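Enquirer: Under our numbering, think of the first position of the sequence shown as 71, with each following residue one higher.
The beta carbon of each residue, even a glycine, is placed where N, CA and C say it ideally should be.
Please read these numbers as outputs of a predicted model, since none were measured by experiment.
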Amino acid sequence: MFERPHGGERAILVHLDFYSDVDREELREFRELVISAGAEPVEVITGSRSSPHPRYFVGTGKAEEIKDAVEENEADVVLFNHALSPVQERNLEQLLQCRVLDRTGLILDIFAQRARTHEGKLQVELAQLKHLSTRLVRGWTHLERQKGGIGLRGPGETQLETDRRLIADRIRQLNKRLSKVERQREQGRRGRRRAEIPTVSLVGYTNAGKSTLFNRVTESEVFVADQLFATLDPTIRRVSLPADKPIVLADTVGFIRHLPHDLVAAFRSTLQETRDADLLLHVVDVASDERQANIEQVNKVLCEIDAADRPQLMVFNKIDLLEKAEARIECDENDQPVRVWVSALTGEGLDLLSQAIEIRLYGETVEQNIVLPPSEGRLHARLHELGAVREEQYDDAGNWTMNLLLQRRDWNALQKNELLDNYIVDDSDSLRLAVGHEGS
């Protein structure tokens, strides 16, 4: 059996198109994944089949072609843009005499590199161990035989069986630790619900610009890079909308085609923020040729994590890369915002995004100037309770000149019960009244 190399920088990429499910664009994404993992693609081998070969996934002739490419390029690893069975990986490694990794293993390796928080590292390790537990036969055949003879008889358990038992024990430990972290997160969510602070979660295809948008809105410094899965660990920040309404904004890991099920299971506490969100901001790279396909893939993952029923606001990002696109809000037949066109890089349209979020969470807002006489102390107090007062001036006669911003439903209720129309003034009247009182 070959000795597996510790490194794996020079990589041969293998991609097959199956007649029943041709996805040519996936190869470009696969190359980006490989580069994100830190490998150097030295050759790409493609082919077509009606179904996977049971022994090598590719046919025997294609397997020999891969072997020749490994020897010619002195490659360290062969990466498949597909999910391989443990038997197929072992057979390929025996034939190619180098390490073989499938798409799931590649994504797990990227996640292992990017995890920074304690929770993120636990989640990645759990996903890796679950994936590895079915693949221990790779590179371990020298440990499967028990030695015989006097003084050489073992305890009746092979090294492979020992490793399987140790991995199972470690998985149980990680599940316990993650359950504790999940309980702590749930306490935070309960606190936000008691305070009636809505949660808005950023979702989207990886590299759509979620972290750049998050940094712009929250004035944070989350790591940003033009690569897949630049952000792994979830980040939560509290921000205020234009009407001084607080929200909690959560930045989560990006989605991708064929996201490994082990990762979805391991990141259940992180994805809980998405499942419990009051509103999902579905960030889309509007300049991507695969825009619609990426939207569909994100929606598939949302279904998988039971978040498909959450309200969505589409955020078409990167309009700075388009020639004639401008920042705007698009509404449905009920005047509810459904799409906002922005550029997280330049900041264009972010004020419109805040307005759209506010309308989706709280309804339409009304901005108005009023002047209340001293006899309306009860109404004055009510406006402050609603958090509707943006600016206020008090004159010598006891009048309050106020600039209000509040929800349409609250404004309608106040108009109905308090006869606010009697106190409305326009900007010039409000300014003239304030100046007149100051001069008197």
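Name the DSSP beta bridge partners of residue 85, please?
Expert: To locate residue 85, count along the sequence shown from 1; it is residue 15. Looking at the DSSP assignment, residue 85 forms a beta bridge with 116.
Enquirer: Taking DSSP as the reference, what is the three-state secondary structure of residue 320?
Expert: Sequence index remark: in the sequence shown, residue 320 carries index 250 (1-based). Strand, per DSSP.
Enquirer: State the Cα-Cα distance for the pair residue 101 and residue 231, rounded to the nearest angstrom.
Expert: To locate residue 101, count along the sequence shown from 1; it is residue 31. To locate residue 231, count along the sequence shown from 1; it is residue 161. If you take the alpha carbons of residue 101 and residue 231, they lie about 36 Å apart.
Enquirer: Taking 8 Å as the threshold (C-beta atoms), are residue 432 and residue 463 in contact?
Expert: As a first step, residue 463 is located in the sequence shown; it is residue number 393 there, counting from the start. As a first step, residue 432 is located in the sequence shown; it is residue number 362 there, counting from the start. For residue 463 and residue 432, no; Cβs fall outside 8 Å.
Enquirer: Can residue 435 and residue 475 be called in contact, C-beta distance under 8 Å?
Expert: Indexing the sequence shown from 1 puts residue 435 at position 365. Indexing the sequence shown from 1 puts residue 475 at position 405. Yes; because the gap between Cβ atoms is below 8 Å, this pair is in contact.
Enquirer: Alpha carbon to alpha carbon, how far is residue 96 from residue 170?
Expert: For this step, residue 96 is matched to residue 26 along the sequence shown. For this step, residue 170 is matched to residue 100 along the sequence shown. Their Cα atoms are separated by approximately 19 Å.
Enquirer: Measuring CA to CA, which of 421, 472, 88 is closest to residue 288?
Expert: Here the question's residue 288 lines up with position 218 in the sequence shown. Looking at the Cα atoms, 421 is the closest of the given residues.
Enquirer: Is it true that the stretch 413-428 meets the stretch 439-446, where meeting means three or more beta-carbon pairs spaced less than 8 Å apart?
Expert: Output reads no: the stretch 439-446 does not touch the stretch 413-428.
Enquirer: Under 8 Å Cβ to Cβ from residue 459, same chain only, skipping five residues before and after it: list those, please.
Expert: The count along the sequence shown starts at 1 and reaches residue 459 at position 389. Within the same chain, residue 459 has close Cβ partners 453, 472, 473, 474.
Enquirer: Need the endpoints of the alpha helix (DSSP H) that residue 428 sits in, please.
Expert: Reading the sequence shown from its first residue, position 358 is the one you call residue 428. Here the alpha helix (DSSP H) through residue 428 covers 420-432.
Enquirer: Beta-carbon separation of residue 427 and residue 372 under 8 Å?
Expert: Position 357 of the sequence shown, counted from the first residue, corresponds to residue 427. Position 302 of the sequence shown, counted from the first residue, corresponds to residue 372. Result no, Cβ atoms of residue 427 and residue 372 do not sit closer than 8 Å.
Enquirer: In the DSSP output, which residue or residues are listed as bridge partners for residue 437?
Expert: Taking the first residue of the sequence shown as position 1, residue 437 is located at position 367. Bridge partners of residue 437: 475.
Enquirer: Alpha carbon to alpha carbon, what distance is there between residue 168 and residue 241?
Expert: Residue 241 sits at position 171 when you count from the first residue of the sequence shown. Residue 168 sits at position 98 when you count from the first residue of the sequence shown. Their Cα atoms are separated by approximately 28 Å.
Enquirer: At which residues does the alpha helix (DSSP H) containing residue 105 begin and terminate?
Expert: For this step, residue 105 is matched to residue 35 along the sequence shown. First-last of the alpha helix (DSSP H) with residue 105: 96-106.
Enquirer: Using a Cβ-Cβ cutoff of less than 6 Å, which residues in the same chain neighbour residue 499 once the five nearest sequence positions on both sides are dropped?
Expert: Your numbering for residue 499 matches position 429 in the sequence shown. Low local confidence applies: a pLDDT of 40 at residue 499 is under 50, so the model's placement there is unreliable, with the coordinate-based value given in what follows. Around residue 499: no qualifying Cβ.
Enquirer: Here's the rule: buried if 16 or more other CB atoms are within 10 angstroms of the residue's CB, otherwise exposed. What is residue 407?
Expert: Translated into positions along the sequence shown, residue 407 becomes position 337. It is buried - the Cβ of residue 407 has at least 16 other Cβ atoms within 10 Å.
Enquirer: Considering Cα atoms alone, identify which of 203, 182, 202 is closest to residue 193.
Expert: Residue 193 sits at position 123 when you count from the first residue of the sequence shown. It is 182 whose Cα lies nearest to the Cα of residue 193.
Enquirer: Specify the secondary structure class of residue 167 as computed by DSSP and reduced to three states.
Expert: Translated into positions along the sequence shown, residue 167 becomes position 97. Three-state DSSP puts residue 167 in coil, outside helix and strand.
Enquirer: Does at least one heavy atom of the ligand GTP sit under 7 Å from the Cβ of residue 415?
Expert: Among the ligands in the structure shown, none appear at all, so the ligand GTP cannot be discussed.
Enquirer: Please classify residue 389: does DSSP put it in a helix, a strand, or coil?
Expert: For the purposes of this step, residue 389 is identified with residue 319 of the sequence shown, where counting begins at 1. Helix, per DSSP.
Enquirer: For residue 401, write down the residues that DSSP places opposite it in a beta bridge.
Expert: Position 331 of the sequence shown, counting from 1, holds the residue named residue 401. Its beta-bridge partners are 407.
Enquirer: Looking at residue 81 and residue 99, is the spacing between their C-beta atoms short of 8 Å?
Expert: Position 29 of the sequence shown, counted from the start, is the residue given in the question as residue 99. Position 11 of the sequence shown, counted from the start, is the residue given in the question as residue 81. Not a contact, by the Cβ cut-off of 8 Å.
Enquirer: Using a Cβ-Cβ cutoff of less than 6 Å, which residues in the same chain neighbour residue 495 once the five nearest sequence positions on both sides are dropped?
Expert: What you label residue 495 is simply residue 425 of the sequence shown in a count that begins at 1. Cβ within range, chain order: 439, 441.
Enquirer: Taking 8 Å as the threshold (C-beta atoms), are residue 153 and residue 173 in contact?
Expert: The sequence position of residue 173 within the sequence shown is 103, counting from 1. The sequence position of residue 153 within the sequence shown is 83, counting from 1. A contact, by the Cβ cut-off of 8 Å.
Enquirer: Rounded C-beta distance between residue 83 and residue 118? I'm assuming under 8 Å.
Expert: Residue 83 sits at position 13 when you count from the first residue of the sequence shown. Residue 118 sits at position 48 when you count from the first residue of the sequence shown. Wrong, their Cβ atoms sit about 16 Å apart, outside the cutoff.
Enquirer: Taking the runs of the beta strand (DSSP E) that are 3 residues or longer, which of them lie wholly in the stretch 237-274?
Expert: Complete beta strand (DSSP E) runs here, min 3: 269-274.
Enquirer: What's the gap between the Cα of residue 274 and the Cα of residue 411?
Expert: Along the sequence shown, one-based indexing puts residue 274 at 204. Along the sequence shown, one-based indexing puts residue 411 at 341. Whole-angstrom Cα-Cα distance: 15 Å.
Enquirer: Helix or strand or just coil, what does DSSP make of residue 464?
Expert: Along the sequence shown, read from residue 1 onward, the residue named residue 464 stands at position 394. Correct three-state label for residue 464: strand.
Enquirer: Alpha carbon to alpha carbon, how far is residue 490 from residue 356?
Expert: In the sequence shown, residue 490 corresponds to position 420, counting from 1. In the sequence shown, residue 356 corresponds to position 286, counting from 1. Rounded to the nearest angstrom, the two C-alpha atoms are 44 Å apart.
Enquirer: Which class does residue 111 belong to by DSSP, given the choice of helix, strand or coil?
Expert: As a position in the sequence shown, residue 111 is number 41, starting the count at 1. Strand at residue 111.
Enquirer: So is residue 310 buried or exposed if we call it buried at 16+ other beta carbons inside 10 Å?
Expert: As a working note, residue 310 is residue 240 in the sequence shown. Label assigned to residue 310: exposed.
Enquirer: To the nearest angstrom, report how far apart residue 361 and residue 370 are at their CA atoms.
Expert: The residue you call residue 361 lines up with position 291 of the sequence shown. The residue you call residue 370 lines up with position 300 of the sequence shown. Taking the straight line joining both Cα atoms gives about 14 Å.
Enquirer: Rounded to whole angstroms, how far is the Cβ of residue 305 from the Cβ of residue 284, which I believe are closer than 8 Å?
Expert: Residue mapping note: residue 305 aligns to position 235 of the sequence shown, counting from 1. Residue mapping note: residue 284 aligns to position 214 of the sequence shown, counting from 1. Right, their Cβ atoms sit about 7 Å apart.
Enquirer: Assign residue 120 to one of two classes, buried (16 or more other C-beta atoms within 10 Å of its C-beta) or exposed (fewer than that).
Expert: Mapped onto the sequence shown, residue 120 falls at position 50. The residue is exposed, with fewer than 16 neighbouring Cβ atoms inside 10 Å.
Enquirer: Return the bridge partner residues of residue 310 from the DSSP annotation.
Expert: Counting from one through the sequence shown, the residue named residue 310 turns up at place 240. 316.
Enquirer: Rounded to the nearest angstrom, what separates residue 492 and residue 404 at their Cα positions?
Expert: Here the question's residue 492 lines up with position 422 in the sequence shown. Here the question's residue 404 lines up with position 334 in the sequence shown. Looking at the two C-alpha atoms, the distance is approximately 30 Å.
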